[in-house]
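> So the sequence shown is numbered by UniProt numbering: it starts at 1 and just counts up by one. Note that CB positions come from ideal geometry on N, CA and C, so glycine has one too. In this text the structure is predicted, and so the values were computed from the model without any measurement.
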Amino acid sequence: MLSYQHAYHAGNLADVHKHAVLAWCLDYLTRKPKPITYIETHAGRGLYDLSGAEARKTGEAAKGITLASAWFAPDHPYARALAQVQDTHGATAYPGSPLIAQNLLRATDRLHLAELHPQEHAALKQVVRAPNTRVYLEDGFALIQSLCPPDPRRGLVLIDPSWEIKTDYTTVPKAMAQVARKWNVGAMILWYPLLNDAPHAPMLRTLQDHFPDGLRHEVTFPPARDGHRMTGSGLFIVNPPWGLDEALKTLSAQFAKLAA
């Protein structure tokens with residue numbers, strides 16, 4: 001359960017998909033002066049070095065953000081977050097979702113970040129220190145149940161497991177349904193990998209039963225290396241912000257070029 005290390009995968013095309021959409025949603029939510037709550041169930045360490053041995057070993061970042069950074073105009077919230085992190089931590093730094101959120105949110109917003117891996121948790125605490133941010137050495141699914149409904153009530157949950165625990169495919173729909181009952185105005189973004197054997201398919205059928213208005217967005221891309229099982233990235237979004245459909249069409253067009 002605690003073996004997953006995202007440093008090997010940081011900045012890959014799945015990260016580009018997930019983080020570009022997350023950044024857009026957070027930017028939209030912060031256009032109003034009212035504060036929001038941001039909750040993350042599987043936060044990771046928050047900051048990665050794309051020149052490190054882990055990233056170089058897999059080559060996923062080289063085929064990910066290194067190529068895809070040109071897709072985003074400088075004023076896109078994802079590009080803004082990347083630039084801010086690189087200005088602070090160096091040109092090869094890549095932010096995980098906690099650091100993207102912290103760079104886009106305001107001092108009046110509240111961030112709750114769960115990470116169960118002791119080393120990743122310790123690293124995260126060093127990266128995201130701020131008065132409005134709490135980092136928990138806790139199971140993320142338990143955390144969202146204990147926090148919801150949060151204060152402030154406007155906000156977003158990112159659910160981003162490693163999917164190394166096979167029961168996550170049944171745990172996730174139950175957890176999301178419970179959150180929705182407690183916090184019906186909250187947005188939820190679930191990320192899942194597209195794998196050759198499609199283990200996500202039954203989960204999505206359950207989610208679509210629970211959330212018939214949920215927004216599903218998937219992109220495909222060439223495997224990062226021979227034998228790599230992940231051939232795409234998926235998002236299932238509950239209570240999506242207005243206008244997200246159009247932003248997703250633009251993102252889909254960029255990913256489509258990879259297969260051209």
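Which partner residues of Met-230 appear in the DSSP bridge assignment?
Paired residue(s): Leu-195.
> Spatial neighbours of Met-1 within its chain, please: C-beta separation below 8 angstroms, excluding the five flanking residues on both sides.
Since pLDDT at Met-1 reaches only 48, below the 50 mark, its modelled position is unreliable, and no value is offered.
> Could you have a look at Thr-220 and say whether DSSP puts it in helix, strand or coil?
Strand, per DSSP.
> Assuming Leu-248 and His-217 form a contact by the criterion Cβ under 8 angstroms, report the distance between their Cβ atoms to the nearest whole angstrom.
Contact flag correct, Cβ pair sits at about 5 angstroms.
> Looking at C-alpha atoms only, which residue of Leu-13, His-9, Tyr-8, His-6 is the closest neighbour of Leu-258?
Out of Leu-13, His-9, Tyr-8, His-6, Leu-13 has the C-alpha closest to the C-alpha of Leu-258.
> In the segment 81-107, which residue ranges form an unbroken beta strand (DSSP E) of at least 3 residues, counting only runs that do not cross its ends?
As far as the segment 81-107 is concerned, its whole beta strand (DSSP E) runs of at least 3 residues are 93-95.
> If His-17 sits next to Val-219, beta carbons under 8 angstroms apart, how far is it from one beta carbon to the other, in whole angstroms?
That belief holds up - the Cβ atoms of His-17 and Val-219 are roughly 5 angstroms apart, short of 8 angstroms.
> Hey, could you find the ends of the alpha helix (DSSP H) His-19 is sitting in?
His-19 -> alpha helix (DSSP H) spans 13-29.
> Determine the extent of the beta strand (DSSP E) in which Asp-49 is found, giving its start and end residues.
From DSSP, the beta strand (DSSP E) with Asp-49 extends over 47-49.
> Secondary structure at Leu-156, three-state DSSP: helix, strand or coil?
Three-state result, Leu-156: strand.
> Along the chain, where does the alpha helix (DSSP H) containing Glu-135 start, and where does it finish?
Note that residue 135 is Val in the sequence shown, not Glu. Here Val-135 belongs to no alpha helix (DSSP H); instead the beta strand (DSSP E) covers 133-136.
> For Val-157 versus Ile-39, is the C-beta spacing smaller than 8 angstroms?
Cβ distance < 8 angstroms, so Val-157 and Ile-39 count as in contact.
> With distance defined between alpha-carbon atoms, name the residue in Leu-67, Asn-184, Trp-191 nearest to Leu-22.
Closest option to Leu-22, Cα to Cα, is Trp-191.
> Would you say Thr-41 and Ile-159 are within 8 angstroms of each other, going by their C-beta atoms?
In contact: Thr-41 and Ile-159 (Cβ atoms closer than 8 angstroms).
> For the ligand HEM, any of its heavy atoms closer than 7 angstroms to the Cβ of Val-85?
This structure lacks the ligand HEM; in fact it carries no ligand of any kind.
> Assuming Phe-236 contacts Leu-194 (C-beta within less than 8 angstroms), just tell me the rounded distance between them.
Rounded, the Cβ-Cβ distance is 12 angstroms, inconsistent with contact.
> Could you tell me the alpha carbon to alpha carbon distance between Pro-149 and Arg-106, rounded to whole angstroms?
Cα to Cα, Pro-149 sits roughly 20 angstroms from Arg-106.
> Measure the alpha-carbon distance for Ser-69 versus Trp-24 and round it to whole angstroms.
Going from the Cα of Ser-69 to the Cα of Trp-24 covers about 15 angstroms.
> Select from Ala-142, Ala-43, Ala-53 the residue whose C-alpha is nearest the C-alpha of Pro-95.
Ranking Ala-142, Ala-43, Ala-53 by Cα distance to Pro-95 puts Ala-43 first.
> Run through DSSP, which three-state label would Val-238 get?
Correct three-state label for Val-238: strand.
> Whose C-beta lies closer than 6 angstroms to the C-beta of Leu-143 among residues of the same chain, with five residues either side of it excluded?
Closer than 6 angstroms at Cβ, skipping near neighbours: Ala-114, Tyr-136.
> Starting from the Cα of Asp-213, find the closest Cα among Thr-231, Ala-93, Ala-253, Ala-187 and give me that residue.
Among Thr-231, Ala-93, Ala-253, Ala-187, the Cα nearest to that of Asp-213 is on Ala-187.
> Out of Leu-244, Asn-196, Pro-152, state which residue places its alpha-carbon closest to the alpha-carbon of residue 331.
Beyond the ends of the chain as shown, which are 1 and 260, falls residue 331; an answer cannot be given.
> Put Leu-116 into one of helix, strand or coil per three-state DSSP.
Residue state, collapsed to three classes: coil.
> Which value, in whole angstroms, describes the spacing of the CA atoms of Pro-241 and Leu-29?
So the alpha carbons of these two residues sit roughly 8 angstroms apart.
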